[in-house]
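S.K.:
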Amino acid sequence: MYYPKANQKLMSLAVASACAALIPAHAQTTAAEDSRGGDIPTTAVQQVVVTGLRQSMASSLNLKRQSDGIVDGIVAEDIGKFPDTNLAESLQRISGVSIDRVNGEGQKITVRGVGPDFNMVLLNGRQMPTSNLGDLNGRSFDFSNLASEAISQLQVYKTSRAETPTGGIGATVNVITARPLDKLGTWSSIGIKGVYDKSNDNLPGDVKASKSVTPEFSGIYSTTSKDGHWGLGASASYQERNLGFNQAAVSNGWRGPFRGDENNWGTIPNAGTAGAGNVVNHPKATDIYEVPQNLNYSMTGVKRQRTNGQLTLQWAPVKALTTTLDYTYSENKLQTRRNDVSAWFNFGPSASTWTNGPVAAPLVYTEFIPAGNSDIAMGGADFATKTQNKSLGFNTQWRATKNLKLEFDAHHSTAESKADSPFGSNNTLGTASFSRGDTTADFSQEFPVLSIKGADFVNAPQQVTGSVFQNGYMKGDVSQVQFKGRLRMLDSSNLNFGVGAVNVKNRSAFSNQQRDSWTGATKPSDYPSSLWHADTVRQYFDQLAGSQNPNLFNNFYTFNFGQVRDVVAKASGMPEMYLPKNTFDTDQRTEEKSKSLYLQFNTDWDTAMPMHTAIGVRYEKTDVTSTALVPTATSITMVSANEFPVQFGAPSFTTLTGKYHNLLPSIDWDMDVRDDMKVRASYGETIGRPRYDQIAGGQILNALARADGGTGSQGNPALKPVKSKNFDLSWEWYYAKDSFVSVNAFYKDLENYAGQSQIDATPFNLHTPVGGALWNEASASGCGADTGCIRNYIFTHHPTAPGVTVTGVDSSGNPTGNIVGQPGDPVAHFRITTFSNQKKASLNGLEFNLQHMFGNTGFGISANYTYVHSGLRYDNTSMGEQFALVGLSNSANLVGIFENDKWNVRAAYNWRGEFLSSTFDGSGPNPNYVEPYGQLDLSVGYNLTSKLSLQFEGINLTNETTRVHGRTSTQALYVTQSGPRYMVGARYKF
């Protein structure tokens, strides 16, 4: 492709502002050309590299200005130096991009109100697999697996392009790494850092890492032949980090909601009933309310080791041909240890004080336990996981003629997560002292306060109770082939075309080993007192308002998980129950085969106000095969008047299939109102594929059926992807060098969201006694529809019939036994809950951007604000399941920089407004709202010489905490305190 005017602009920009860091001038020019459908890069052009914070911001500005549609980006400051140590932390600086943090670090992104599952992440233009044991069935990419040192640029495409792989409704993020032929010669850098995570200091000794300061090493090397015919690039990094976080949580959720006049298990006494006098400001009859299921304080220590590496080989035997072979590897290992103390509410006699409705919430909730013999639960955990990402790719670019350029790209990439401990990928070992009396939860402040009367650890010593050992496994596998071409047509037009095929496989498997001995696994005397280590709660929540409440139950015991596990495994005589299973209970495997082709026509229009258009269309066809290991149902047995348990044999794999196709148009238009001002308009259609659990193939039957049939669940591989029609308008004013202001408006019309529905099915052709010959005879004899009468009649008149077994007589004189469905009996019907495309939504928003450099003073600022709105929000006054958009929030960034020959300073503040993170809590359909959060980060660098520099970084300097609540702010769900993180390092360039 060839744009005379566009290319002139790009060349002048490349000469004037060069490039930053790992992207030399040629590479950035190429990136800009690619974003406007320009030339495929061929050989590198050696140019002077200008580095630094200001140049990074200038290069990002140029990318935005020269792109088709709405594109933002982040460019490396220097060789081996990206603005943030975490890629997600960098992405959140872009307007419209918000992040989800895990362990105090960015992990997933939400773009323009569209959640992590519907944002596509590419590595050098290639679709990447996903794997995350925290979400076994999701599609979201985990950015914490990738170090930033080898990354040269992040490109965020907010509008669709025909040549971009599908899957990104919010955005498509292209992570670009360095190529040796981008810059001739030999160059390299090495870096070393010490990482101090203060959160590790605020942990109990049984979960705390031995050191809070950990090392980080990185290096990058690139060399080429003098004639530019071949090049080799290599990068590697290794980081250790020891951290912690402390959390107060109603982790099992809020029971309800109940109507103010409802009488049910969990409801509070109504007027005129026993205990009503203990309720202050009782919810009105038309109000709804909920009660806490539990209150838990946990202290968690995490150790992480992250290894990244990349090797790139390039060969350009002639000027018109460049081939690239690259291999990328990452490994992220996590070891987690936890101690906690909690109380479980059983909804007996209670006292409570309430807020006003229509959604009432308890300010104080007390459960009376006069016997003082309930459990003070103190649990522990010790597990580890490992995630590995591997990608092998090959690319060749050939200028076939003056007007025709071709590109072939193929890669095979995997992402695999699994347990890295003999104790599994997750576990819990419960212990308790059975001495809990009256128990109170005070939700009147930020920190929910648990108060317990009794607590006699001498006469009711601590002992092991129930336990859970889990093994999770997830693997994503992507094999992709792409063939692209660009044909110059006339003087100012070109045609992009391409075909591709991608095979995406996902496997998620899980096992659960659980011993429900919650009243005691063995005798208390089996556990020496030396196993338990006295500690206090308050010190671990000192940043949270309410933690100084004198009523706080402050004393608890921690323990070493491995030591206590060894004792109970021996004392119980069941050591196998204290290890994870060797086989998986569920094993779901999905394969998606997609074929695509696209055309895009680009034209520069030589009008009074120069215009550019890009009109394209992409066609995709996808075949889905989903297989799952599920228990095989063998029979149905009547064991009581209305209980018909399903009997199961060995599990087996079942397979379901589906397919869909989409035609996706895209149109981009921009016009230079004047040399420094541009307007844009875009329309495009994009798709986001369903979550893997929604298309899982197995049909799982619930164990208990009734006389009218049974129930079960299954995925639906025939689900269509979510489809979005996207409209964008943009105004951009580049009013001074490296400075601009812009306003973007966007609207998304989304359809085909998956919702739950029921189908009638006859799985496994199971025969039920209901409606069979014996059943009908009993009914006709006078029993009618009375299932108890029918059961007694069959036992009395046909005790030896096939499938009938009489075992005795109960205290009422009725015969006992079982009646098994026989081949001549009717086939049972099951109501299978599955997913179907039934939900729609729309959202709109505005993005405001400002970047200003204060002349040659070295000072500069970058600020943005994003407003997102949707009419489809969660109704807190409604009961039952709801569909609402999660992740929808406003956000803002303010970044200030100063830079001269010696110093570079950057202070960055990021804020995200309240958003809905889930529509379920641990109890059922309830909203989870993440409260507004702001974080201040600081980076200071000093150049000792032109080659040696020192660096200081501070993350979360003001030690902010996070809080998640339910239907009202009083209904705390998760309140978390972590801590700031500091890094000091040096970097040397060769």
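Numbering (my numbering), first residue to last: 1 to 990. Using N, Cα and C, we set each Cβ at its ideal position, and we do this for glycine too. Fair warning: this is a prediction, and the values are worked out from it, not measured in the lab.
Should residue 401 be labelled buried (16 or more other beta-carbon atoms within 10 Å of its own) or exposed?
M.R.: For this step, residue 401 is matched to residue 401 along the sequence shown. That one is exposed.
S.K.: With DSSP as the reference, label residue 486 as helix, strand or coil.
M.R.: For the purposes of this step, residue 486 is taken as residue 486 along the sequence shown, with counting starting at 1. It is a strand residue.
S.K.: Taking 7 Å as the limit between beta carbons, can you name the residues of its chain near residue 686, skipping five residues before and five after?
M.R.: Position 686 of the sequence shown, counting from 1, holds the residue named residue 686. Within the same chain, residue 686 has close Cβ partners 160, 166, 168, 169, 664, 724 and 726.
S.K.: Once DSSP output is grouped into helix, strand and coil, what is the label at residue 23?
M.R.: Position 23 of the sequence shown holds residue 23. Low per-residue confidence applies at residue 23: pLDDT is 30, beneath 50, and the placement is therefore not dependable, though the value from the model is reported in the following sentence. Coil.
S.K.: For residue 443, which three-state DSSP category applies?
M.R.: Looking up residue 443 in the sequence shown gives position 443. Looking at residue 443 - three-state DSSP - the assignment turns out to be coil, as it is neither helix nor strand.
S.K.: Could you tell me the alpha carbon to alpha carbon distance between residue 110 and residue 154, rounded to whole angstroms?
M.R.: Here residue 110 is taken as the residue at index 110 of the sequence shown, counted from 1. Here residue 154 is taken as the residue at index 154 of the sequence shown, counted from 1. Approximately 15 Å, taken between the alpha carbons.
S.K.: So residue 378 is in the beta strand (DSSP E); what residue range does that whole segment cover?
M.R.: Locating residue 378 in the sequence shown gives position 378, counting from the first residue. From DSSP, the beta strand (DSSP E) with residue 378 extends over 374-399.
S.K.: For residue 565 and residue 437, I'd like the C-alpha separation in whole angstroms.
M.R.: For the purposes of this step, residue 565 is identified with residue 565 of the sequence shown, where counting begins at 1. For the purposes of this step, residue 437 is identified with residue 437 of the sequence shown, where counting begins at 1. Distance between the alpha carbons of residue 565 and residue 437: 28 Å.
S.K.: Does the segment 498-510 come into contact with the segment 576-591, if we say contact requires no fewer than three beta-carbon pairs (one atom in each stretch) closer than 8 Å?
M.R.: The answer is yes - the segment 576-591 touches the segment 498-510, with three or more Cβ pairs under 8 Å.
S.K.: Pull the bridge partners of residue 555 from the DSSP assignment, please.
M.R.: As a working note, residue 555 is residue 555 in the sequence shown. Bridge partners of residue 555: 536.
S.K.: Which term fits residue 135, buried or exposed, when burial requires 16 or more other beta carbons within 10 angstroms of its beta carbon?
M.R.: Within the sequence shown, residue 135 is the residue found at index 135, counting from 1. Buried, because 16 or more other Cβ atoms sit within 10 Å of the Cβ of residue 135.
S.K.: Using the rule of at least 16 other Cβ atoms within 10 Å of the residue's Cβ for burial, across every protein chain shown, is residue 265 buried or exposed?
M.R.: Translated into the one-based positions of the sequence shown, residue 265 becomes position 265. Counting Cβ neighbours within 10 Å, residue 265 comes out exposed, since fewer than 16 surround it.
S.K.: Name the DSSP beta bridge partners of residue 948, please?
M.R.: As a working mapping, residue 948 is identified with position 948 in the sequence shown. Paired residue(s): 988.
S.K.: Here's the rule: buried if 16 or more other CB atoms are within 10 angstroms of the residue's CB, otherwise exposed. What is residue 97?
M.R.: Position 97 of the sequence shown, counting from 1, holds the residue named residue 97. Counting Cβ neighbours within 10 Å, residue 97 comes out buried, since at least 16 surround it.
S.K.: Give the straight-line distance between the Cα atoms of residue 790 and residue 929, rounded to the nearest whole angstrom.
M.R.: Within the sequence shown, residue 790 is the residue found at index 790, counting from 1. Within the sequence shown, residue 929 is the residue found at index 929, counting from 1. The straight-line gap from Cα to Cα measures roughly 52 Å.
S.K.: Taking C-alpha atoms, which residue in 636, 635, 666 and 630 lies nearest to residue 650?
M.R.: Locating residue 650 in the sequence shown gives position 650, counting from the first residue. Out of 636, 635, 666 and 630, 630 has the C-alpha closest to the C-alpha of residue 650.
S.K.: So, with DSSP's three-state summary, where would you put residue 971?
M.R.: Stepping through the sequence shown from its first residue, residue 971 is reached at position 971. It is coil, neither helix nor strand.
S.K.: Take the Cβ of residue 490 as the centre, count every other Cβ of all protein chains shown within 10 Å, and call the residue buried at 16 or more, exposed below.
M.R.: Counted from its first residue, the sequence shown places residue 490 at position 490. The residue in question, residue 490, is exposed, as its Cβ has fewer than 16 Cβ neighbours within 10 Å.
S.K.: Give the DSSP bridge partners of residue 216, in chain order.
M.R.: The residue given as residue 216 occupies position 216 in the sequence shown. Bridge partners of residue 216: 193 and 239.
S.K.: Please name the residue or residues paired with residue 983 in a DSSP beta bridge.
M.R.: Taking the sequence shown and counting its residues from 1, one reaches residue 983 at position 983. 195 and 953.
S.K.: Quick check: the Cα distance between residue 125 and residue 175, rounded to an integer number of angstroms?
M.R.: The residue given as residue 125 occupies position 125 in the sequence shown. The residue given as residue 175 occupies position 175 in the sequence shown. Their backbone Cα atoms lie some 8 Å apart in a straight line.
S.K.: Determine the direct distance from the alpha carbon of residue 329 to that of residue 172, and round the result to whole angstroms.
M.R.: Here residue 172 corresponds to residue number 172 of the sequence shown, with the count starting at 1. Here residue 329 corresponds to residue number 329 of the sequence shown, with the count starting at 1. Going from the Cα of residue 172 to the Cα of residue 329 covers about 22 Å.
S.K.: Anyone know if the C-beta pair for residue 179 and residue 323 falls short of 8 Å?
M.R.: In the sequence shown, counting from the first residue as 1, residue 179 sits at position 179. In the sequence shown, counting from the first residue as 1, residue 323 sits at position 323. Going by C-beta atoms, residue 179 is not nearer than 8 Å to residue 323.
S.K.: Excluding five sequence neighbours on each side, which residues of the same chain lie with their C-beta closer than 6 Å to the C-beta of residue 572?
M.R.: In the sequence shown, the residue the question calls residue 572 occupies position 572. Once the five neighbours on either side are set aside, the close Cβ partners of residue 572 are 521 and 522.
S.K.: In whole angstroms, give me the CA-to-CA distance for residue 776 and residue 826.
M.R.: Working through the sequence shown from its first residue, we reach residue 776 at position 776. Working through the sequence shown from its first residue, we reach residue 826 at position 826. Each residue's Cα considered, the two are about 11 Å apart.
S.K.: In whole angstroms, give me the CA-to-CA distance for residue 105 and residue 748.
M.R.: Indexing the sequence shown from 1 puts residue 105 at position 105. Indexing the sequence shown from 1 puts residue 748 at position 748. Cα-Cα distance, rounded: 29 Å.
S.K.: Taking just the CA atoms, how far does residue 986 sit from residue 948?
M.R.: Indexing the sequence shown from 1 puts residue 948 at position 948. Indexing the sequence shown from 1 puts residue 986 at position 986. About 7 Å.
S.K.: Hey, how far is the Cα of residue 867 from the Cα of residue 115?
M.R.: Here residue 867 is taken as the residue at index 867 of the sequence shown, counted from 1. Here residue 115 is taken as the residue at index 115 of the sequence shown, counted from 1. Using only the alpha carbons, I get a separation of about 15 Å.
S.K.: Checking 8 Å against the spacing of the C-beta atoms, do residue 757 and residue 836 come in under that value?
M.R.: Walking along the sequence shown from the start, residue 757 turns up at place 757. Walking along the sequence shown from the start, residue 836 turns up at place 836. Yes. Within cutoff.
S.K.: Between residue 979 and residue 240, what straight-line distance do the alpha-carbon atoms span, to the nearest angstrom?
M.R.: Residue mapping note: residue 979 aligns to position 979 of the sequence shown, counting from 1. Residue mapping note: residue 240 aligns to position 240 of the sequence shown, counting from 1. For residue 979 and residue 240, the distance between alpha carbons rounds to 17 Å.
S.K.: Is residue 332 closer than 8 Å to residue 236 when the C-beta atoms are compared?
M.R.: As a working note, residue 236 is residue 236 in the sequence shown. As a working note, residue 332 is residue 332 in the sequence shown. Cβ atoms of residue 236 and residue 332: not closer than 8 Å.
S.K.: Would you list the residues sitting across from residue 589 in a DSSP beta bridge?
M.R.: Within the sequence shown, numbered from 1, the residue matching residue 589 stands at position 589. BP columns for residue 589 point to 507 and 627.
S.K.: Mapping DSSP to helix, strand and coil, what is residue 523?
M.R.: Start at 1 with the first residue of the sequence shown, and residue 523 comes out as number 523. DSSP places residue 523 in coil when its eight states are reduced to three.
S.K.: Please report how far the alpha carbon of residue 875 lies from the alpha carbon of residue 719, in whole angstroms.
M.R.: Numbered from 1 along the sequence shown, position 875 holds the residue referred to as residue 875. Numbered from 1 along the sequence shown, position 719 holds the residue referred to as residue 719. Looking at the two C-alpha atoms, the distance is approximately 27 Å.
S.K.: Can you list, in chain order, the residues of its chain with a C-beta nearer than 8 Å to that of residue 575? Leave out the 5 residues immediately preceding and following it.
M.R.: Locating residue 575 in the sequence shown gives position 575, counting from the first residue. Around residue 575: 569.
S.K.: Would you tell me roughly how many angstroms separate the C-alpha atoms of residue 870 and residue 917, rounded to the nearest one?
M.R.: As a first step, residue 870 is located in the sequence shown; it is residue number 870 there, counting from the start. As a first step, residue 917 is located in the sequence shown; it is residue number 917 there, counting from the start. Rounded to whole angstroms, residue 870 to residue 917 spans 15 Å at the Cα level.
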